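Undergrad: Residue numbering for the sequence shown follows the working numbering, beginning at 5 and increasing consecutively.
Every residue gets a Cβ at the ideal spot worked out from N, C-alpha and C, and that includes glycine.
Please read these numbers as outputs of a predicted model, since none were measured by experiment.
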Amino acid sequence: MATDTSTTNMPSDASNTLEASNQSFDHFFTFDGGDVEITVMIQGERVKGKVASQAMVLASSVWKKFIFPPWEINSCSQLKTIDFTDDACTLLILLRLAHLQSTMVPTTLSLETLFQAAVQTEKYDCVKLVHLILDKWLLAVKDEASKDDCGKWLYICWAFDQEESFNEVALRMTKSLKVMGGVCLTSTGKPLSEPLPDKIIENIMSIRADTVQGILDLVYVEVEKYSRLNCADTILCKSGRMSCDAMVYGSLLNGLQQRGLWPAIEASQLILSINEIASMIRELKIYTPLRTGGRSGPTHFDCSTFRGWLAMEQLLRDMPTPGLGCHHHTHEKPTRFDNSRRRSPN
Numbered sequence: 005m006a007t008d009t010s011t012t013n014m015p016s017d018a019s020n021t022l023e024a025s026n027q028s029f030d031h032f033f034t035f036d037g038g039d040v041e042i043t044v045m046i047q048g049e050r051v052k053g054k055v056a057s058q059a060m061v062l063a064s065s066v067w068k069k070f071i072f073p074p075w076e077i078n079s080c081s082q083l084k085t086i087d088f089t090d091d092a093c094t095l096l097i098l099l100r101l102a103h104l105q106s107t108m109v110p111t112t113l114s115l116e117t118l119f120q121a122a123v124q125t126e127k128y129d130c131v132k133l134v135h136l137i138l139d140k141w142l143l144a145v146k147d148e149a150s151k152d153d154c155g156k157w158l159y160i161c162w163a164f165d166q167e168e169s170f171n172e173v174a175l176r177m178t179k180s181l182k183v184m185g186g187v188c189l190t191s192t193g194k195p196l197s198e199p200l201p202d203k204i205i206e207n208i209m210s211i212r213a214d215t216v217q218g219i220l221d222l223v224y225v226e227v228e229k230y231s232r233l234n235c236a237d238t239i240l241c242k243s244g245r246m247s248c249d250a251m252v253y254g255s256l257l258n259g260l261q262q263r264g265l266w267p268a269i270e271a272s273q274l275i276l277s278i279n280e281i282a283s284m285i286r287e288l289k290i291y292t293p294l295r296t297g298g299r300s301g302p303t304h305f306d307c308s309t310f311r312g313w314l315a316m317e318q319l320l321r322d323m324p325t326p327g328l329g330c331h332h333h334t335h336e337k338p339t340r341f342d343n344s345r346r347r348s349p350n
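Structure, rendered in structure tokens:
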């Protein structure tokens, strides 16, 4: 029996596949040569259909086991029933591809439906079904995917071996995710979608922690430099004015305190994302005297440059990609990713 925690609601683009009808939906899931009964949930109702066993066997090693269980010693001629609880619209797309009905498959999908397709092709080991149309699907969600930070696009790239896009979105998510109580949250504070590639969250959190701590260390090093005001040989002002250093020190501490970064804290104490923390540091305003020693005295414009900014920007540019190696499909040529297993839904 095929079980899953996937939603049974039809995606927003279901009209491309399942048309509204006052009659039963059974005919949508009944294919020529069908000899195996299936049931699918649509809008809370159980729908029956029939699929061709040979088409299913050729399309998916998992479906093959459903139809011809390897643990059954004696063959059984009685009709078998497979109960699907997966997203109905996406399942119908895969079944139509398996039964060579590609002209009835939509060429564009929403991000949500493509995510469900990624989940199901991974679950049923049938990614080969979508190869001819995959590029069109990916192109159609390009703009929508660029705004996604909940993990759906990440999983899509992983499941379909889109290594370059996977690395890009993984790095973007590392910079934008918040962490609260050891749980990653989106920029809007929502939990990430499931499933996710195994170990990706651990990698993201590790890189985030190292990067945030690196930013904090750069800031606190600057604070430490200005804290030694009682030593004449440590004056940082280019004109040798201790009063200038005192003003810089005070404005630096005040700015950090207003942003919750002073007294000094550890990266593990911060909920904010890397992007938010970096933005706060960029917005620090360092104040210096306009001029000391009268009108003829030196100006202090150069003294107001926070030396940690450039180092922080370099740190952000050098952030590693939280790659875990990704996927390897057994029926295709080796991909650019290493083997890994997906994180199953809770």
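Looking at the secondary structure, which residues open and close the alpha helix (DSSP H) in which Gly312 lies?
TA: Gly312 to Arg321 is the span of the alpha helix (DSSP H), which, as asked, contains Gly312.
Undergrad: Is it right to say Val44 is buried, meaning 16 or more other beta carbons lie within 10 angstroms of its own, or is it exposed?
TA: With 16 or more other Cβ atoms within 10 Å, it is buried.
Undergrad: Could you name the residues of the same chain whose beta carbon sits closer than 6 Å to that of Gln82, not counting the 5 residues immediately before and after it, in chain order?
TA: At Gln82 the pLDDT is 47, less than 50, meaning the model places this residue with poor confidence; the figure from the coordinates comes in the next sentence. Around Gln82: no qualifying Cβ.
Undergrad: Express the C-alpha separation of Leu136 and Pro73 in angstroms, rounding to a whole number.
TA: In a straight line, the C-alpha of Pro73 is about 30 Å away from that of Leu136.
Undergrad: Taking the continuous alpha helix (DSSP H) assigned at Lys132, which residues delimit it?
TA: Element bounds for Lys132: n/a, residue is neither H nor E.
Undergrad: How would you write the range of the alpha helix (DSSP H) that Asp221 sits in, first residue to last?
TA: Ile204 to Tyr230 is the extent of the alpha helix (DSSP H) around Asp221.
Undergrad: If I follow the unbroken alpha helix (DSSP H) through Asp249, where does it start and stop?
TA: Element bounds for Asp249: Met246 to Gln262.
Undergrad: As a quick exercise: from Ala121, Gly312 and Tyr159, pick the residue whose alpha carbon is nearest that of Ala92.
TA: Comparing Cα-Cα distances from Ala92 to each of Ala121, Gly312 and Tyr159, the minimum goes to Ala121.
Undergrad: Could you tell me which whole alpha helix (DSSP H) segments of length 4 or greater appear in the segment 159-201?
TA: The segment 159-201 contains these whole alpha helix (DSSP H) runs: 167-180.
Undergrad: Under three-state DSSP, which class holds Thr107?
TA: If DSSP states are grouped into helix, strand and coil, Thr107 belongs with the helices.
Undergrad: Less than 7 Å between the beta carbons of Leu319 and Gly218, yes or no?
TA: In contact: Leu319 and Gly218 (Cβ atoms closer than 7 Å).
Undergrad: For the alpha helix (DSSP H) that Asp361 lies in, which residues bound it at each end?
TA: Because the chain is modelled from 5 through 350, residue 361 falls outside the range shown and cannot be assessed.
Undergrad: Could you tell me the boundaries of the alpha helix (DSSP H) in which Lys127 lies?
TA: Unbroken alpha helix (DSSP H) run through Lys127: Leu115 to Lys127.
Undergrad: Within the chosen definition, does the segment 200-219 reach the segment 152-171 through at least 3 CB pairs nearer than 8 Å?
TA: The answer is yes - the segment 152-171 touches the segment 200-219, with three or more Cβ pairs under 8 Å.
Undergrad: Work out the CA separation of Thr238 and Cys307 for me, nearest whole Å.
TA: So the two alpha carbons sit approximately 14 Å from each other.
Undergrad: Using the DSSP secondary-structure output, state which residues sit across from Thr238 in a beta bridge.
TA: Answer is none; Thr238 lacks a bridge partner.
Undergrad: Tell me the rounded alpha-carbon separation between Leu220 and Val183.
TA: Those two C-alpha atoms are separated by around 16 Å.
Undergrad: What is the DSSP secondary structure of Val66, counted as helix, strand or coil?
TA: It is helical.
Undergrad: Roughly how many whole angstroms lie between the Cα atoms of Val131 and Ile42?
TA: Straight-line Cα distance between these residues: approximately 21 Å.
Undergrad: What are the residues that DSSP puts in a beta bridge with Ile86?
TA: Bridge partners of Ile86: Ile42.
Undergrad: Are the CB atoms of Trp102 and Ala59 nearer to each other than 7 Å?
TA: It is Ala, not Trp, that sits at residue 102 in the sequence shown. A contact, by the Cβ cut-off of 7 Å.
Undergrad: Just to confirm before moving on: does the CB-CB distance between Gly53 and Thr34 stay below 7 Å?
TA: Yes, the pair counts as a contact, with Cβ atoms nearer than the cut-off.
Undergrad: Can you tell me whether Gln166 is buried or exposed? The criterion is at least 16 other CB atoms within 10 Å of its CB, across all chains shown.
TA: By the 10 Å Cβ count, Gln166 comes out buried.
Undergrad: Excluding five sequence neighbours on each side, which residues of the same chain lie with their C-beta closer than 8 Å to the C-beta of Leu260?
TA: Correct list, in chain order: Val223, Val227, Trp266 and Leu288.
Undergrad: CA-CA distance, Trp67 and Lys84?
TA: Each residue's Cα considered, the two are about 12 Å apart.
Undergrad: Give the secondary structure of Glu148 by DSSP, where H, G and I count as helix, E and B as strand, and everything else as coil.
TA: Helix at Glu148.
Undergrad: Which partner residues of Val55 appear in the DSSP bridge assignment?
TA: Val55 is bridged to Val40.
Undergrad: Return the residue from the list Val173, Ser169, Arg176 and Met209 that minimises the CA-CA distance to Gly185.
TA: Out of Val173, Ser169, Arg176 and Met209, Met209 has the C-alpha closest to the C-alpha of Gly185.
Undergrad: Less than 7 Å between the C-beta atoms of Leu291 and Ser255, yes or no?
TA: Checking the sequence shown, residue 291 turns out to be Tyr, not Leu. Yes, they are a contact pair.
Undergrad: From the DSSP output, which residues share a beta bridge with Arg50?
TA: Beta-bridge pairing links Arg50 to Met45.
Undergrad: Three-state secondary structure (DSSP) at Asn343?
TA: Confidence at Asn343 is low in this model, with a pLDDT of 44, below 50, so the placement of that residue is unreliable and no value is reported for it.
Undergrad: Using the Cα positions of Lys382 and Thr107, report the straight-line distance between them to the nearest angstrom.
TA: Absent from the model: residue 382. The displayed extent of the chain is 5 to 350, so no value can be given.
Undergrad: Cα separation between Thr178 and Ser272?
TA: Approximately 15 Å, taken between the alpha carbons.
Undergrad: Whole angstroms is fine: what's the gap from Ile71's alpha carbon to Lys194's?
TA: Spanning the two alpha carbons is a distance of roughly 39 Å.
Undergrad: Can the beta-carbon of Thr325 be found less than 7 Å from the beta-carbon of Leu104?
TA: No, they are not a contact pair.
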